[in-house]
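>
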Ligand code: NAD
Ligand code: DAU
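Numbering (our numbering), first residue to last: 4 to 364.
(1) Quick check: the Cα distance between residue 281 and residue 273, rounded to an integer number of angstroms?
(2) Would you say the segment 188–196 touches the segment 253–262, given that touching needs at least three Cβ pairs under 8 Å?
(3) Could you tell me the distance, in whole angstroms, from the CA atom of residue 132 to the CA atom of residue 85?
(4) By the three-class DSSP mapping on this structure, what secondary structure does residue 22 have?
(5) At a cut of 8 Å, does the segment 201–221 reach the segment 101–117 through at least three beta carbon pairs?
(6) Please write down, chain order preserved, every residue whose beta carbon lies under 6 Å from a heavy atom of ligand 2.
(7) Is residue 52 near residue 167, with beta carbons less than 9 Å apart?
(8) Taking Cβ to Cβ, would you say residue 229 is nearer than 9 Å to residue 266?
(9) By the DSSP assignment, the alpha helix (DSSP H) with residue 1 in it spans what residues?
(10) Within the present structure, is the beta-carbon of residue 136 separated from the nearest heavy atom of ligand 1 by less than 8 Å?
(11) Alpha helix (DSSP H) containing residue 117: first to last residue?
(12) Taking the continuous alpha helix (DSSP H) assigned at residue 166, which residues delimit it?
(13) Can you find the residues in the same chain that come closer than 6 Å, C-beta to C-beta, to residue 369, ignoring five residues on each side of it along the sequence?
(14) Below 9 Å between beta carbons: does that hold for residue 33 and residue 10?
(15) Counting along the chain, where does the alpha helix (DSSP H) carrying residue 339 start and finish?
(16) Looking at residue 178 and ligand 1, is the gap between the Cβ and the nearest heavy atom below 8 Å?
(17) Would residue 75 and residue 13 be called neighbours here (beta carbons separated by less than 9 Å)?
(18) How far does the alpha helix (DSSP H) with residue 263 in it extend, from its first residue to its last?
(19) Out of curiosity, what's the CA-to-CA distance linking residue 68 and residue 89?
(20) Give the C-beta separation of residue 206 and residue 322 to the nearest angstrom, bearing in mind that I take them to be a contact with Cβ-Cβ under 8 Å.
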């Protein structure tokens, strides 16, 4: 029986991961979710598991060394760390880089240090079976040319451009340093863009769904021809479970579903799907059309194209994405249809201020 310490479990991917793991392993695992509950953390995402015997939530900041130390001391059975906690939005990193360095670089170092202290034996080796997975991003590799034959491999040199990707690249380097220096039992996964339930509406897909449903403009940056490689969040969770339990220690695995799409096409599919899914007598149906699309000023330093080569995780671990985009986007839209209260709660207060300062449309 494994005890997982999940950081950032109240965020988008972290909460999906906790649901995925309990669905798969039931009472055979324990999960301790450590989250500071920033604007991106939401315990509503975990309502259905909060009373589960194997689940514990601890509010703590990963940069707070003594709080994290205490969690390891109080829970000596922790033998898995899945580290999601991070500042994750590129646009915010362009405005306030410092907090990205603080959380993503310093916070990751604190997590590594505390896990090392908890798991290290007198001879410098580590307790049998303990493993740390650092969840990272394809953005560390930089930007690919507009050419369908170029991909990010695990061997692609790091070339981050935004403060977000630079902070994630730095955190990856610290993890690599722990593996090289101490033989610390870790892995890194570098995944492409995720979408699915519980994603905060500052990111492209939930922002467009929310705006379309409310008859608001759909702000497309630049020429709309930037390419992202979209993966349904559950497929990312499956990859993380495989890597932490079956992956070769010290290895990096790229995760992506070969689903590269131009932003403008994503927006058009969202409009088309919402239009199709709304009932004929739903008054919102009339305003969900291409006229909502509006091109706005480009993101500073906007990476042109991301595309993952997932060959290694496929061949070594047998990972395959299960949810294709057309199905995944309908499931996602349906989730937002069914969770209007969730959206209302997360878009009240500070979100409005953020939106108004980011977008003039
Ligand atoms: P998110 O912003 O939705 O969630 C981040 C979570 O971390 C929140 O619950 C927040 O409260 C928590 N957190 C932030 N700072 C903290 C701190 N100092 N201490 C403790 N908790 C803190 O992010 P996400 O989209 O779920 O991404 C999770 C991880 O996956 C990140 O490391 C991100 O870099 C990586 N990633 C994301 C994507 C994507 O498409 N979203 C793709 C690849 C990798
Ligand atoms: O590639 C993985 C990364 O994907 C993760 O590491 C990040 O945490 C995650 O936020 C995401 O980064 P992106 O910057 O690619 O995602 P975002 O949803 O912010 O934007 C996707 C694309 O859509 C990007 O080219 C910018 C564009 N965009 C975004 C927003 C919010 C718009 O055109 N308009 C918008 O309003």
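C-beta atoms are modelled at their ideal positions from N, C-alpha and C, and glycine is treated no differently. Small disclaimer: the values here were computed from a predicted structure and weren't measured.
The relevant details are as follows:
(1) 12 Å
(2) yes
(3) 14 Å
(4) helix
(5) No, the segment 201–221 does not touch the segment 101–117.
(6) In chain order, the hits are 91, 92, 93, 140, 141, 142, 195, 196, 206, 207, 210, 222, 223, 224, 229, 231, 266, 302 and 309.
(7) no
(8) yes
(9) The requested residue 1 is not part of the displayed model; the chain covers only 4 to 364.
(10) no
(11) 111–122
(12) 166–185
(13) Since the displayed the chain opens at 4 and closes at 364, residue 369 lies outside it and no answer follows.
(14) no
(15) 328–341
(16) no
(17) no
(18) Premise fails: residue 263 lies in the beta strand (DSSP E), 263–265, not in any alpha helix (DSSP H).
(19) 16 Å
(20) Actually they do not touch by this definition, with Cβ atoms about 23 Å apart.
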